[in-house]
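Counting along the sequence shown from 1, when you hit position 95 you're at 95 in full-length UniProt numbering, and nothing is skipped either side.
All C-beta atoms in this analysis are idealised placements derived from N, C-alpha and C, irrespective of residue type, glycine included.
One structure is given here, and the rest of the page talks about it.
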Amino acid sequence: MKAAERRNEIIKLLEGADQPVNATQLAELLSVSRQVIVGDIALIRAKGIEILATPRGYLSANAFKSEGSLFTGKIACQHSQADTVTELNIIVDNGGEVVDVQVEHPVYGTLTGELHIRSRHDVIDFMKKIATNEAAMLSSLTGGVHLHTLACKDEDTFLRIKKELQEAGILYSG
């Protein structure tokens, strides 16, 4: 398979997927190395095709839709890394999806990490990846202050999540 054909196949696979597909899975399907896939993704993005990188793999922005989510909103939070599981569980237990995390960097401006965390299982997977890779949270750059975009079925769900985060001392108030 030629490189251009492989990249078209990657696009088709991602657009047809209902969950993230990681580089290793794509490499096995297309009989190339993981590094080749990472390079292909970069070239696909350079052509203007939006591919989201989540902790669980790649998603086509065209194919991705927050299932059942009609309302999106942003929240500001501040907490230690130890309280991350509590924060994420409050959100998913109340019917929210953590779409992304954002921090303001003095040099780079807004840094965004795509998350798409929808369940406690996703929370566990995310925390395992942080531990396995000995990775720092983006919020470690800003003293724990960060934003999340949440997707919910309605505004009432969003407000309930905010209330519970406030009660847990996680919602940032300045």
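- Under the three-state reduction of DSSP output, Q19 falls in the coil class, being neither helix nor strand.
- Comparing alpha-carbon positions, the option among K47, A53, E5 lying closest to L30 turns out to be E5.
- Counting other Cβ atoms within 10 Å of its Cβ, H79 reaches 16 or more and is therefore classed as buried.
- Comparing alpha carbon positions, the residue from T142, D93, F126 closest to V107 is T142.
- About 4 Å separates the beta carbons of L88 and V123, which is inside the 8 Å limit, making them a contact pair.
- For the beta strand (DSSP E) assignment, the uninterrupted runs of no fewer than 3 residues enclosed by the UniProt domain "Helix-turn-helix type 11" (6-58) are, from N- to C-terminal side, 51-54.
- Under the DSSP definition of a beta bridge, H148 partners with I75, V101.
- By the criterion of a C-beta distance shorter than 6 Å, D154 is surrounded in its chain by F71, once the five residues flanking it on both sides are discounted.
- Annotation: the continuous alpha helix (DSSP H) that includes E167 extends over 155-167.
- The Cβ atoms of T149 and D100 sit closer than 8 Å to each other.
- Membership of I117 in the beta strand (DSSP E) is indicated by the continuous run 109-117.
- T54 sits close to E114, with the two beta carbons spaced by under 8 Å.
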